[in-house]
Structure formats: structure tokens, C-alpha cells
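Single-structure report; data block below.
Number of protein chains: 2
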Amino acid sequence: MQTLWDYRYAQRTQRMASSAIRELLKLTEQPDVISFAGGLPAPDVFPVQQFSEASVKVLSEMGAQALQYGTTEGYQPLREMIVRHSARYGIEVTPENVLITAGSQQALDLIGKVFINRGDRILVESPTYLGAMQSWNVYGAEYVTVPLDENGMVTDELEGALRSGPKFIYVLPNFHNPAGVTLPAMRRQKLIDLADEYGVPIIEDDPYGQLRYEGEHQPAMVVLDSKMRNCGNCYSGNVIYLSTFSKILAPGLRVAWVIAPPEVISRLVQAKQGADLHTSTLAQILAYEVSKGGFLDEHIKTIRKVYGERRNHMLAALERYFPPGVEWTRPQGGLFLWVKMPEWIDSIELFKQAVEEKVAFVPGQNFFPNGGGHNTMRLNFSNATPEQIEEGIARLGRVLERAIKARAAAPAV
Amino acid sequence: MQTLWDYRYAQRTQRMASSAIRELLKLTEQPDVISFAGGLPAPDVFPVQQFSEASVKVLSEMGAQALQYGTTEGYQPLREMIVRHSARYGIEVTPENVLITAGSQQALDLIGKVFINRGDRILVESPTYLGAMQSWNVYGAEYVTVPLDENGMVTDELEGALRSGPKFIYVLPNFHNPAGVTLPAMRRQKLIDLADEYGVPIIEDDPYGQLRYEGEHQPAMVVLDSKMRNCGNCYSGNVIYLSTFSKILAPGLRVAWVIAPPEVISRLVQAKQGADLHTSTLAQILAYEVSKGGFLDEHIKTIRKVYGERRNHMLAALERYFPPGVEWTRPQGGLFLWVKMPEWIDSIELFKQAVEEKVAFVPGQNFFPNGGGHNTMRLNFSNATPEQIEEGIARLGRVLERAIKARAAAPAV
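Top line first, the protein sequences correspond to chains E and U.
In terms of our numbering, the first sequence opens at residue 1 and continues consecutively.
In terms of our numbering, the second sequence opens at residue 1001 and continues consecutively.
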């Protein structure tokens, strides 16, 4: 249908993510497809009963407040709870350092709005989180990349990228999306040191940090940065830290948080005012009510147990069903692992074959800002049951083996 | 505190609304101040019990869905309900024309993101909704204005503004924020005709249209536009229509909707993906559950009764307490009325005196994109009780009389 809007789109819409990947992923929504494509938490661990009880309590005791407009900064008891929660991970801040956002996706959008001028370079890992690029492309971001290995960002290759003068560094240090890898303490320190040397601030995106299934907790970059400045556990503010209730409580709430210096929070608040006034009051108060009194900590233990088992099931199934020549990461936490296939495989072609076999993943090239990764894929292990993981990986193994056999049988060119 | 972020703000942050007005309005939050400054619904009409029952039902019957990620477009049964609801006002659309947003504020932000290039002119009423400017300033919008009178936009002055080549027209036809005025059918038709002649599309922002306390419902611009195109009640799509649950159900949900052609919806969906993935699933499902089965229609009748009475109280109090030489609009619905004081009064100075007298309003100049309105103010009548309205307007009348007396007593210059 022709309308007057047709020729009026802003230039920046040309940089919005093409819907090709969305169209592709719609194929995975058929009910008989076992999908490792999404990044969905397991609905069976949602604390539904606790939400039901909290709803009744909140609406009877403070219904007028829960249904009314709220402040842009967020529900004050929730901000205070996040301060206490953060302190347990060594992040020493006050409520003035905390902004509640409508999911971490909104935090990324507001950061783009507040910091990115057209043509600014953002230093990212390659691959990196697709959603960050979706937010920042519309503000005209360009990307300078540093590769990942099984220990996260290869910090030995960081200086070259820093010399290009990036606006900021964006890093997912824990259980990386999509790669599933974790940055060890020494690399974190090196990243902090080099960022300081070059005067480049850091966005630390940490949606999964609390979902560790093995190994030792690694210090947050925001903590290392503060320590380096010799002010004890003070908050120096060169690292903006993002986290969320989506993976530890429920993503349908759309409640997450930013930790930043008060001056940055103030700019983000102005941007959020124009973006949506404030995050759903009811969702924020429910997040607070369900989490408080130690429930969140107990619940995180439950999630770790369930997802840890699913990760183990997927790793075991990969050993059993995937052909030689295919490699994958062994994440110590989070929701994803990353598969590298032989160089000649095109994962978009493989995706189409997989969907016919009723199994799905995300082709990896979407996560590379400047190209690459055609022979990679991301697998999610949190959403499918152990039985589905077993069956789905078996199907995917068959698809891979068939592709390898077909190539072996093809006449040499 | 000095941080590395200090010199890294994007140019567009210079166009974010100054926090002067926000700082001013913080003064109104003292508990003993009677505030006519906000745009808050009355919490005593929130259907708290219905929300409580709906929460228990939703969480027990579909908790896993309510707490999980959802589609960017919105909860399908809610989109379908909005289609049925809109049809009763003559707006004939399908769910593909509906996008659920996190409040109408987000709809304005997404429209800015999708349509506004730096320097684009937007045709607005003067005064116009402050929040629209807050959203659009960051995308570099400029404004070309058409004045309002007691019947809304003065359409006789529209052609001059249209000749400047605006990207689109933004209009609040019903119970205007801030002015409280309503555009009669003849002016609506003239606006539609001229927009068509000049090929300029329209954003129709209608948060209050259902809250009419007297007079006849005026046809939505989106309906007039479709009719003009001789396709019966078809939806031609040159008007994007915005409405919300904030004023008819509860603003704390942050659930609103856009009606637009599918092509525009698709762009807005892409923008929303990068902005917050989707609107809170729980909030959407609750909005649907509480509204369905006729409850919303009954509830709107309750709101009309309560707010209509409050409007009457305020109009009566203004007659009683305001000195001669002060004029105000007589809104047929909505939440606001608009006061014009003698030319020599500066409403920001008056605001400071009013807060000392424990009463507050919004100084009017904030609503004028290109200056003006220093002697105007916006009064909200939905949030205060009849007793507070009586007392607050009496206080404000005293402040005004004192200012007038002080001027009369001052020696002529």
C-alpha cells in the first residue's frame, strides 16, 4: 500500500538491522522444531507462585503507587536493593549510581543516544552481542573489532584497535553472548590498564555473571577499574556496568539496571524521559518484592543447577553426535555455546537444512560487525529440556554429517 | 567527579531538554503542596481489585508466557482487542496495523527514530505536548508552528506553515495537552484536506479522546482521512494514530499503541527491537485481562464521571477565586485546562511565589517550541480531590491577586 510515509524514512533507518535474520528465525517457531536459536530462559524455573503472591500483596498494600506514573530513575527500594546486591560482588555504589531500564536492551539504546555521534568507532569483540549493534547502528556507530579466543577478548591484539580512537569499549566478560567464553582476571586487568593508558572508557555488559556453573567468580571490570585508581573499593566511573533481572528472575518484566557515575546517570535519565518516561512501575515493584528477603539468591542457585545440568547434557550430546572437525566452546556459565565448523561450511545453508530436520540455531555471521564467522553457530542450552537437547543435537549431528558426506562424494573441481 | 565519559557526550545531548523545568517541578513534590502540575490520573479510580484478580488468574493459567520474552509487535490478543475497540470509533484496521509500545512516549520516540533527519521541520501546534519535543529534539527536529485558539489549531493559518515543507504534522485534536481545547469537525476536515493537498502526513496523538465529559465525540482524523479517499471505512494510512491505556486504565503499566500502515509498523518494530526488544509481557497481558469482557468500557464511564466532576469543581473555583483579567479554557474532556494571565506576568516568577503558598502548576512557556507563552500556565484537574482543587485554586487566586496589587502599587516607570 502506497502512503505518504513511504519516502519519509530517516537516513538512519537504512542502518536498522535487515529483517532477513528475523524472517529466518520465524521458521524456528513451528511447534515441532527443537530450537537452540533463542536466548530464552527456561520457563519451568520462573517463580510463578512468588509472583502471584507478590502481585496480591503489592496491589492490596500499595496498588495506587504500583499502577501510577513513577520517577524516571526507577523505584527507589529497587535501586537500593541493587546497591546491596552489587556490593556482594565488590561493586560499591549508591542509589544515585543506579538507573532502572526496560531491559538491558534499553540501556544499550540510551547509551547510544547519549554517546554516539555518526561515525564514532566503538571497540567490540568479534563476535559480539547482536542487540548492541542493533541499538547503535541507528546512531551511526562504526565498529573496530578485537578477536575472541576460548578465553574471551584477545587482549594482546587490543592496542592496535585502541589506536584508532574508539569512543568506548564494549565487552561481555562473563559467558559471552554469543561465544560462551569468559575473560580471565589477567586479561581483565590488561584491558583495564590499556583502557586507562589510552583514556578510553568501558561498557561492561554482564547479564549472565551470576549464572556460573563451575570455576571461580572473576572480578567485575568495574571493580578492577576502581581498585587500580587506588581508592580502595571506590567507584571511579570509567566503567559503565549493565545487568538485568531477565536471566535471574524473568525477562517478561523488562527490568534491568545501569551502574554509572551520577553525571552519566543524569544524561541517561534525560534520554529515558524522552524514550518512555519510566520503566513499568508494577514490573519494578514486583521485581523488588519477589527478590527481597533472600529469595533472589536462593532462586539463582536453582537456576544454576538447572542450566548447569542442561549445559552438561548439551556438551555430552555434542561429543556423542557431532562429527570430527567441528569444535565448540565449554562455557562455565550463561546460556550459550559457540560452534566452529569446517571452513567450507556456510551456516546459513546449514540452517535451512537443519530446519527441515526440525532443529534450529542462530547462524554465527550475524554476530560479526565487520564480516566473518560464516562457519559458526550459536547454540542456546537454557530453554530446551534435557530430552530435547539430546534429540535436537542428534538431529543437528545428522545434518552436519550429511553435509560432510555430500562434500566428500562431490567430484573435485 | 571527573570521569572519562565527561567529554564523550554525543552532539544530540545538547538538544536534550534542560533540567531546569525538572528541578522546578521537584519543588512540587513536598507533601503539603497541592499540585496541579503533573498529568497524573487519579489513583482512587485505579481498578486495583481487578488487577489483583487478573494477576492471580494470569500467573496461574499462563505464568510461563507472562514472565517470558514476547514478540516486539505485542501480545496478539491485546492487538486484536485494540482493533475491536478502535472499530467502535470508526477506525477500521487489522492487528497488522497495531504495535504495542511502552507508553505513548515510546511511540513518539520510535517515530522520531524512524522519520526525523537532523533539520527536518515538524509542524506542531503552539503550544504543543512537551514530551513530543523531548523525544524529537534528540533527532534534530526543528519546529514550524501554527497557533491555537479555543477551538484548537487555527487551520486558517496552516497553509503558510505547510509551505515550509514539514516532514509531518503532529496534532492533539482532543482535549489538547497543555491547552485543553478540541478541534471541531470542520477544522479537522480542513486539516485533512490541506495535508492531502500538500502531501504531508499526520501524527494524531489521542491519549484522552475517550475521556469526554460533555459535547459530541468528534471524528478521529484517521477516520476522516480514510473517508476522503473514497474507500469507505478503509484505512489509508496517511495518518498515524496514537493512543494509550495510561489514562483509561493505569499509567504504571506503560502500555500504549500505534495504529499505522503495515510498512510503517514494520519500521517501528525494527526500531523497537533495538530500543527495548518488546513491552513488558506481564503488563500487556494484565492490560488485556483487566480490559476484556466489557470492563474497560464500564471503567471509562467511571473515570468520565470522576474527572468531569473535578473539571467542574476547578472551573467553579476559578470563577470564584481568580481575579479579572485572567482567562482560561473550558475543556470538554481530558485532564488539563490552560490559563492566560495579563501580558506583564511571568509565569516562572509566579510559580516560585505559588510554591511558597503551597500550590503548583506548570509554567506555560515550556510548551512553546519556538518561544512565547510567558504569561500562561497549565492546570491539571484529574489528580487532586475536589477539596484540594477548592483550596489549591483559592491559594493560586491569592498569589495572582497579590501580584496584581504589587504591580498597581509600584511607581510608574
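Even glycine gets a Cβ: it sits at the ideal position worked out from N, Cα and C.
All values reported here derive from a predicted model rather than from experimental measurement.
Mind listing the chain E neighbours of residue i? Cutoff is C-beta to C-beta under 7 Å, in chain order.
i: Thr1145(U); result: Those do not exist, as Thr1145(U) stays about 20 Å from chain E at its closest Cβ, beyond 7 Å.
i: Gln1134(U); result: Gln273 and Gly274
i: Ser1226(U); result: Neighbours of Ser1226(U) on chain E: none; closest Cβ ~11 Å, over 7 Å.
i: Gly1209(U); result: Those within 7 Å of Gly1209(U) in chain E number zero; the least Cβ separation is about 20 Å.
Report yes if the C-beta distance between residue i and residue j is below 7 Å; otherwise report no.
i: Ile1082(U); j: Trp1257(U); result: yes
i: Gly373(E); j: Tyr213(E); result: no
i: Tyr139(E); j: Gly112(E); result: yes
i: Val98(E); j: Ile259(E); result: yes
i: Gly1274(U); j: Gln270(E); result: no
i: Gly252(E); j: Thr1281(U); result: yes
i: Val56(E); j: Ser1052(U); result: yes
i: Glu96(E); j: Pro262(E); result: yes
i: Tyr307(E); j: Ser382(E); result: yes
i: Val1399(U); j: Ala1354(U); result: yes
i: Thr1094(U); j: Lys1272(U); result: no
i: Tyr129(E); j: Asn174(E); result: no
i: Ile192(E); j: Asp225(E); result: yes
i: Leu1286(U); j: Ala1107(U); result: no
i: Ile116(E); j: Ala1010(U); result: yes
i: Ala1284(U); j: Leu1078(U); result: Looking at the sequence itself, residue 1284(U) is Gln, so the reference to Ala does not match. Contact: yes.
i: Leu1335(U); j: Asn1380(U); result: yes
i: Pro201(E); j: Phe245(E); result: no
i: Val1124(U); j: Thr1329(U); result: no
Identify the contact partners of residue i in chain U, using a Cβ-Cβ distance below 7 Å as the criterion.
i: Pro52(E); result: Note on residue identity: the sequence assigns Ser, not Pro, to residue 52(E). Simply Ser1055, Val1056, Leu1059 and Ser1060.
i: Phe46(E); result: Gly1063, Ala1064 and Leu1067
i: Thr13(E); result: Val1114 and Arg1267
Give the C-beta separation of residue i and residue j to the nearest angstrom, bearing in mind that I take them to be a contact with Cβ-Cβ under 8 Å.
i: Arg1304(U); j: Pro1331(U); result: Their Cβ separation, rounded to whole angstroms, is 13 Å, which puts Arg1304(U) and Pro1331(U) out of contact at 8 Å.
i: Arg187(E); j: Met228(E); result: Not quite, the Cβ-Cβ distance comes to about 15 Å (not below 8 Å), so this is no contact.
i: Asn1375(U); j: Met1341(U); result: 5 Å
i: Tyr170(E); j: Ala195(E); result: Not a contact, Cβ separation roughly 12 Å.
i: Lys247(E); j: Pro41(E); result: 6 Å
i: Asn1177(U); j: Gly1039(U); result: 7 Å
i: Arg254(E); j: Asn137(E); result: Wrong, their Cβ atoms sit about 22 Å apart, outside the cutoff.
i: Leu277(E); j: Gly1103(U); result: 6 Å
i: Asp1109(U); j: Ala1141(U); result: No, Asp1109(U) and Ala1141(U) are not in contact; Cβ-Cβ is about 12 Å, not under 8 Å.
Can you list the residues of chain E that residue i reaches, using a CB-CB cut of under 8 Å?
i: Arg1008(U); result: Phe115, Lys167, Phe168 and Pro201
i: Leu1040(U); result: Gln68 and Tyr69
i: Met1016(U); result: Arg267, Gln270, Ala271 and Gly274
Run down chain U in chain order and give the residues with a C-beta less than 8 Å from the C-beta of residue i.
i: Leu183(E); result: Within chain U, no residue comes near Leu183(E); the closest Cβ sits about 20 Å away, beyond 8 Å.
i: Val138(E); result: Lys1113, Ala1271 and Gly1274
Name the chain E residues whose beta carbon is nearer than 9 Å to that of residue i?
i: Asn1177(U); result: Simply none; closest approach about 14 Å.
i: Asp1043(U); result: In the sequence as presented, Asp is not what sits at residue 1043(U); that position holds Pro. Within chain E, the residues near Pro1043(U) are Gly63, Ala64, Gln65, Leu67 and Gln68.
i: Gly1308(U); result: Under the 9 Å cutoff, chain E gives no residues; its nearest Cβ is about 21 Å from Gly1308(U).
Looking at C-alpha atoms only, which residue of the options is the closest neighbour of residue i?
i: Arg1008(U); options: Gln68(E), Val359(E), Asp44(E) and Gly165(E); result: Gly165(E)
i: Pro1324(U); options: Ala1403(U), Tyr1198(U), Gln1068(U) and Val1093(U); result: Ala1403(U)
i: Thr385(E); options: Met314(E), Ile348(E) and Gly63(E); result: Met314(E)
i: Gly1364(U); options: Leu1337(U), Ser1382(U), Lys1358(U) and Val1355(U); result: Leu1337(U)
i: Met1221(U); options: Asn1230(U), Gly1371(U) and Ile1203(U); result: Ile1203(U)
i: Gly199(E); options: Leu242(E), Pro178(E) and Gly237(E); result: Gly237(E)
i: Thr1302(U); options: Pro1043(U), Ser1035(U), Val1033(U) and Phe1036(U); result: Pro1043(U)
i: Ala66(E); options: Asp32(E), Asp109(E) and Glu289(E); result: Glu289(E)
i: Gln1189(U); options: Leu1296(U), Val1181(U) and Pro1219(U); result: Pro1219(U)
i: Phe368(E); options: Leu24(E), Gln2(E), Val146(E) and Gly103(E); result: Val146(E)
i: Met377(E); options: Ala37(E), Gly160(E) and Ser226(E); result: Ala37(E)
i: Thr1013(U); options: Ser243(E), Arg79(E) and Leu268(E); result: Leu268(E)
i: Ala406(E); options: Ile389(E), Leu350(E), Glu391(E) and Lys358(E); result: Leu350(E)
i: Gln68(E); options: Arg1088(U), Val1045(U) and Ser1266(U); result: Val1045(U)
Note down, in chain order, every chain U residue with its Cβ under 9 Å from the Cβ of residue i.
i: Arg188(E); result: Those within 9 Å of Arg188(E) in chain U number zero; the least Cβ separation is about 17 Å.
Give, in chain order, every residue of the stretch 60 to 71 of chain E whose Cβ lies closer than 9 Å to some Cβ of chain B.
Of the protein chains in the structure, E and U, none is chain B.
Just by C-beta distance, which residues in the stretch 239 to 256 of chain E are closer than 7 Å to chain U?
Ala250, Pro251, Gly252, Leu253 and Arg254: these are the residues of the stretch 239 to 256 of chain E whose beta carbon lies less than 7 Å from some beta carbon of chain U, given in chain order.
With 8 Å as the limit, tell me which residues of the stretch 258 to 291 of chain E have their beta carbon closer than that to any beta carbon of chain U; keep them in chain order.
Ala260, Pro261, Pro262, Glu263, Val264, Ser266, Arg267, Gln270, Ala271, Gln273, Gly274, Ala275, Asp276, Leu277, His278, Thr279, Ser280, Thr281, Leu282, Ala283 and Leu286
Scan the stretch 1083 to 1113 of chain U for residues whose Cβ lies nearer than 7 Å to a Cβ of chain E and list them as they occur along the chain.
So the list reads Ala1102, Gly1103, Gln1105, Gln1106, Asp1109 and Lys1113, given in the order they occur along the chain.
Which residues, in chain order, does the stretch 1373 to 1393 of chain U contribute to contact with chain E at a C-beta distance below 8 Å?
Residues passing the 8 Å Cβ filter: none.
With 7 Å as the C-beta to C-beta threshold (strictly closer), list the residues of the stretch 1313 to 1340 of chain U near chain E in chain order.
Legend: CB atoms of the stretch 1313 to 1340 of chain U lying less than 7 Å from CB atoms of chain E are not found in any residue.
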